[in-house]
Amino acid sequence: MPIASPDVYAEMLQRAKTEGFAYPAINVTSSQTLHAALRGFAEAESDGIIQISTGGAEFLSGASVKDMVTGSVAFAEFARVAAEKYSVNVALHTDHCPKDKLDGFVRPLLDISKERVAKGQEPLFQSHMWDGSAVELEENLQIAEELLAASKAANTILEIEVGVVGGEEDGIVGEINEKLYTTPQDALRTAEVLGLGEKGYYMTALTFGNVHGSYKPGFVKLRPEVLKNAQDAVAEKHGRAKAFDFVFHGGSGSTMEEIHEAIDYGVVKMNVDTDTQYAYTRPVVDHIMKNYDGVLKIDGEIGNKKAYDPRAYGKVAEAGMAARVVEAAQHLKSAGTKLR
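With positions in the sequence shown counted from 1, the corresponding number in our numbering is that position plus 577.
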């Protein structure tokens, strides 16, 4: 099936919220990891979201080129062709974009989509994230309001972050402190500035103790009730229950109970990156360790071409990552829910 149209994407998110599940949003950095994500979604019979970060976009343009827009366009066009062979709907998304990279990443991509829509085409990506976690709330929302208007014109969805995610991802560092927990007042101010859909469709990554990176269970101190408190505050003032569509960042080390509680409070998208990176790399290491003397030309020997052919370890890497995507879909209860 093709990449999800704006209408299909909106339907996907609405179904997730109504039926009580969330979509894994899988970060990719190459055609191989893209296929792993597509394969995993197809095997799980789950629609899903595939995303690239600023660093991923640079990498996709070529390690010596490092142009985020070039990498993004190349990725989106390749994905549009490749996804036709998989029996699921997939939305393309750009992940964390801080203030200093907006002009070199999100804004140009929104302009491209706006031009495509004006010609009667689909937008290049289906959604983009503005990461305002490093700036004060008012500046965060001011930029979000501008981007939401541009997103609406481009027929895309905007994702924002209100609060701070701890740890590090693509050079964005968040301290682990009380700012990890978004307040009901922050949620009310978000609704006041951005509206509740009338100014454009947006998803909200409120923070409730989330930390990027790899951690053992129990390290991350999540408080999913933060999401409930935010929804309740907005419902009381605006008369709309579960008005926000939430995004769950930094979920490594979370328990199933915490994940499912967050879904109950309106999480429709959960980012998965650290775990799928490991699931991709681990089989490669296994292949190299088991075929050491074939991968390397040792003591004047010629090695084994079948062992060092990139396809040999690429195939096992794809299978390993795809299996982890299936697991993510099962954990988030999106397995078996594909639209058509």
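Built from N, CA and C at the ideal position, the CB exists for glycine as well.
Cα-Cα separation between residue i and residue j, rounded to whole angstroms
{"i": "Gly828", "j": "Val803", "result": "15 Å"}
{"i": "Ser623", "j": "Gly877", "result": "49 Å"}
{"i": "Val902", "j": "Pro601", "result": "8 Å"}
{"i": "Leu714", "j": "Glu588", "result": "30 Å"}
{"i": "Lys874", "j": "Val862", "result": "17 Å"}
{"i": "Tyr890", "j": "Gln698", "result": "38 Å"}
{"i": "Leu679", "j": "Trp707", "result": "8 Å"}
{"i": "Gly880", "j": "Gly639", "result": "28 Å"}
{"i": "His837", "j": "Ala905", "result": "12 Å"}
{"i": "Pro675", "j": "Gly648", "result": "18 Å"}
{"i": "Tyr885", "j": "Ala614", "result": "24 Å"}
{"i": "Ser710", "j": "Val683", "result": "16 Å"}
{"i": "Thr914", "j": "Ile603", "result": "17 Å"}
{"i": "Val712", "j": "Pro685", "result": "22 Å"}
{"i": "Gly774", "j": "His815", "result": "12 Å"}
{"i": "Lys883", "j": "Thr858", "result": "19 Å"}
{"i": "Leu916", "j": "His670", "result": "19 Å"}
{"i": "Lys643", "j": "Val770", "result": "35 Å"}
{"i": "Ala593", "j": "Ala912", "result": "11 Å"}
{"i": "Gln762", "j": "Lys867", "result": "56 Å"}
Selected residue, minimal CA-CA separation from residue i, among the options
{"i": "Glu654", "options": "Glu904, Arg693, Arg616 and Gly632", "result": "Arg693"}
{"i": "Ser728", "options": "Gln703, Thr784 and Gly709", "result": "Gln703"}
{"i": "Ala581", "options": "Ala668, Phe652 and Asp841", "result": "Ala668"}
{"i": "Asp688", "options": "Lys678, Pro700 and Asp677", "result": "Pro700"}
{"i": "Asp672", "options": "Glu736, Gly871, Tyr855 and Ile865", "result": "Glu736"}
{"i": "Gln907", "options": "Lys882, Asp850, Met833 and Glu838", "result": "Met833"}
{"i": "Gly525", "options": "Val658, Ala820 and Thr853", "result": "The first residue shown for the chain is 578 and the last is 917, placing residue 525 beyond what the model contains."}
{"i": "Leu637", "options": "Lys662, Thr610, Leu615 and Val658", "result": "Thr610"}
{"i": "Gly777", "options": "Leu799, His815, Lys798 and Phe821", "result": "Phe821"}
{"i": "Ala659", "options": "Gly709, Arg917 and Ser608", "result": "Ser608"}
{"i": "Asn717", "options": "Val849, Gly843 and Thr781", "result": "Thr781"}
{"i": "Glu661", "options": "Gly843, His612, Gly774 and Lys882", "result": "His612"}
{"i": "Gly620", "options": "Val650, Ala900 and Lys882", "result": "Per the sequence shown, residue 620 should be read as Glu rather than Gly. For the residues Val650, Ala900 and Lys882, the minimum Cα distance to Glu620 belongs to Ala900."}
{"i": "His926", "options": "Gln719, Val605 and Leu725", "result": "Missing from the structure shown is residue 926; the chain here goes from 578 to 917 and no further."}
{"i": "Thr733", "options": "Val770, Glu723 and Tyr779", "result": "Tyr779"}
{"i": "Ala721", "options": "Ala810, Phe652 and Arg766", "result": "Arg766"}
{"i": "Lys632", "options": "Ala656, Ala651, Arg657 and Val605", "result": "Looking at the sequence itself, residue 632 is Gly, so the reference to Lys does not match. Taking only the C-alpha atoms, the option nearest Gly632 is Val605."}
{"i": "Thr851", "options": "Ala810, Ser630 and Glu723", "result": "Ser630"}
Nonlocal neighbours in the same chain, by C-beta distance under 6 Å from residue i, ignoring five residues either side
{"i": "Ala812", "result": "Ala818"}
{"i": "Gly681", "result": "Met645"}
{"i": "Leu860", "result": "Note on residue identity: the sequence assigns Pro, not Leu, to residue 860. Val893, Ala894 and Gly897."}
{"i": "Ala730", "result": "Lys691"}
{"i": "His826", "result": "Val742, Ala782, Asn787 and Asn848"}
{"i": "Asp677", "result": "none"}
{"i": "Ala856", "result": "Gly897, Met898 and Arg901"}
Residue i in three-state terms, based on DSSP
{"i": "Phe636", "result": "helix"}
{"i": "Gln628", "result": "strand"}
{"i": "Ile737", "result": "strand"}
{"i": "Val694", "result": "helix"}
{"i": "Thr606", "result": "coil"}
{"i": "Tyr779", "result": "strand"}
{"i": "Tyr663", "result": "coil"}
{"i": "Ile875", "result": "coil"}
{"i": "Phe702", "result": "coil"}
{"i": "His571", "result": "For residue 571 there is no data in the structure shown, the boundaries of the chain being 578 and 917."}
{"i": "Pro583", "result": "helix"}
{"i": "Tyr600", "result": "strand"}
Residue i burial status per 10 Å Cβ neighbour count (16 or more: buried)
{"i": "Gln591", "result": "exposed"}
{"i": "Asn754", "result": "With a pLDDT of 46 at Asn754, under the threshold of 50, the modelled position of this residue cannot be trusted; read the value that follows with caution. Burial call: exposed."}
{"i": "Gln628", "result": "buried"}
{"i": "Tyr869", "result": "exposed"}
{"i": "Ile626", "result": "buried"}
{"i": "Asp585", "result": "Asp is not the amino acid found at residue 585; the sequence shown has Val there. Val585 is buried by the Cβ-count criterion."}
{"i": "Pro801", "result": "buried"}
{"i": "Thr595", "result": "exposed"}
{"i": "Pro887", "result": "exposed"}
{"i": "Ser664", "result": "exposed"}
{"i": "Ile749", "result": "Caution applies to Ile749, whose pLDDT of 49 falls short of 50 and renders its modelled position unreliable; the model cannot decide the point."}
{"i": "Pro579", "result": "exposed"}
{"i": "Ala695", "result": "exposed"}
{"i": "Lys846", "result": "buried"}
{"i": "Gly843", "result": "buried"}
{"i": "Ser641", "result": "exposed"}
{"i": "Glu835", "result": "buried"}
{"i": "Glu635", "result": "buried"}
Sequence-distant residues of its chain with Cβ nearer than 8 Å to residue i (five each side left out)
{"i": "Gly597", "result": "Ile840, Asp841 and Lys910"}
Own chain partners of residue i with C-beta closer than 7 Å, once the 5 adjacent residues on each side are dropped
{"i": "Leu783", "result": "Val739, Gly740, Thr759, Ala764, Val803, Leu804, Ala807 and Phe823"}
{"i": "Gly786", "result": "Leu757, Tyr758, Val797, Lys798, Leu799 and Arg800"}
{"i": "Val872", "result": "Ile865, Gly880, Ala884 and Tyr885"}
heavy atom of the ligand ATP below 7 Å from residue i C-beta
{"i": "Leu718", "result": "With respect to the ligand ATP, the structure offers nothing, as it holds no ligand at all."}
Proximity test, Cβ basis, 8 Å: residue i and chain B
{"i": "Asp870", "result": "Absent here is chain B; the protein component of the structure consists of one chain."}
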